[in-house]
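Numbering (our numbering), first residue to last: 22 to 403. C-beta atoms are modelled at their ideal positions from N, C-alpha and C, and glycine is treated no differently. In this text, all values refer to a predicted model and were calculated from it rather than measured experimentally. To start, the structure itself, in structure tokens.
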């Protein structure tokens, strides 16, 4: 065939690939015709109008644009948080495993480190985990991508359902305990325009908010023993104790605990929500504030189960959701919000757990401002 056709230019190779993706897209559109938007996206300058279907299908557009790049464009334009990139590999390796026996799999990587692996140039047929140009754009807009095998349907189902999975997660930053440092709490990394550690006004606002939270917790629930998970510098713990509640806190950021008031330090300690360092039924009230949306989706269920385990009565989760539009006014991008979903996602998740029931909160702020869930642990049958 090559003798007849001769040498193909990069543009010709690109067009062959593009038409192949469009054929595949039409096949997928036929398979998912009951739930997919009737239009296949092949022009990324024209958005889908009145899109109500749960599925939209895209294909290649023009030479110089890989399908990786197309996917990042779609994620940007339709405000998606995560791209699932199905490939011929289970995970990304630090070097080619076919050439190097000592190649190591990578579970978590930042876009900056991904750039070092992929380089900065793309050409048709390039065999790398993610297109270099798409990598640069993904880094710029701060999206998360999961790279995994397209042959393992069970693994894909686990990803979609928020279960542990095999694959490589590529994120804007390395989100671990070291991420929550001075730059985070001052707002430089969290997007919070209120500096709560260096600004007198910021400290005062943070203090007043937690005073009100503690007061409302005391009035509504009158807990005897309370645990604040993700307590930061322990301001809420301090005010709860002021109101006579035997309150404690955990946080997995060493910097946050170092910032704590000396008078509250003995009541807070280092700890992870997925492995809370307290025994079963230790507290009659457990609180998390803007914490669950910061977890990787595969860890959310385990974290919620842990909050249920250590409570013997109530669990309150305040969660930032997409309906909380006021965050867009007072906050810039917060790259630690790895699981920013709509309220409906959390309602379904909590409703699926047999150990708890969702209770109505007597007074709640409009969802424009906050999303809060009150859960009550069911009595254990003996």
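Ignore the nearest five residues each way along the sequence and tell me which others in residue i's own chain have a CB closer than 8 Å to its CB.
i, result
"residue 112", "126, 127, 128, 168, 169, 187, 188, 189"
"residue 392", "339, 340, 341, 342, 344, 345, 364, 367"
"residue 49", "57, 78"
"residue 399", "375, 376, 377, 378"
Hey, could you find the ends of the alpha helix (DSSP H) residue i is sitting in?
i, result
"residue 38", "31-52"
"residue 93", "88-98"
"residue 227", "221-242"
"residue 174", "174-181"
"residue 277", "275-279"
Hey, could you find the ends of the beta strand (DSSP E) residue i is sitting in?
i, result
"residue 152", "Here residue 152 belongs to no beta strand (DSSP E), and DSSP marks it neither H nor E."
"residue 305", "304-310"
"residue 61", "57-62"
"residue 333", "332-340"
"residue 166", "165-170"
"residue 316", "No beta strand (DSSP E) contains residue 316, which DSSP labels as neither H nor E."
Going by the DSSP bridge assignment, what does residue i pair with across the sheet?
i, result
"residue 101", "DSSP lists no partner for residue 101."
"residue 126", "114"
"residue 390", "Its beta-bridge partners do not exist; DSSP assigns none."
"residue 191", "130, 166"
"residue 293", "296"
"residue 249", "270, 308"
"residue 106", "168"
Can you look up residue i in the DSSP assignment and give me helix, strand or coil?
i, result
"residue 285", "coil"
"residue 266", "coil"
"residue 207", "coil"
"residue 349", "helix"
"residue 77", "strand"
"residue 199", "helix"
Exposed or buried, residue i, counting other C-beta atoms within 10 Å across all chains shown (16 or more means buried)?
i, result
"residue 382", "exposed"
"residue 101", "exposed"
"residue 314", "buried"
"residue 235", "buried"
"residue 328", "buried"
"residue 350", "exposed"
"residue 332", "buried"
"residue 172", "exposed"
"residue 210", "buried"
"residue 139", "buried"
"residue 260", "buried"
Here's a check: name, in chain order, each residue in its chain whose Cβ is nearer than 6 Å to the Cβ of residue i, leaving out the five neighbours to either side.
i, result
"residue 395", "337, 380, 382"
"residue 254", "277, 280, 281"
"residue 65", "82, 94"
"residue 308", "249, 337"
"residue 114", "124, 126"
"residue 162", "97"
Within the same chain, show all residues whose beta-carbon is closer than 7 Å to that of residue i, passing over the 5 residues directly before and after it, in chain order.
i, result
"residue 252", "258, 270, 271, 272, 289"
"residue 208", "214, 215, 216"
"residue 385", "393"
"residue 239", "264, 266"
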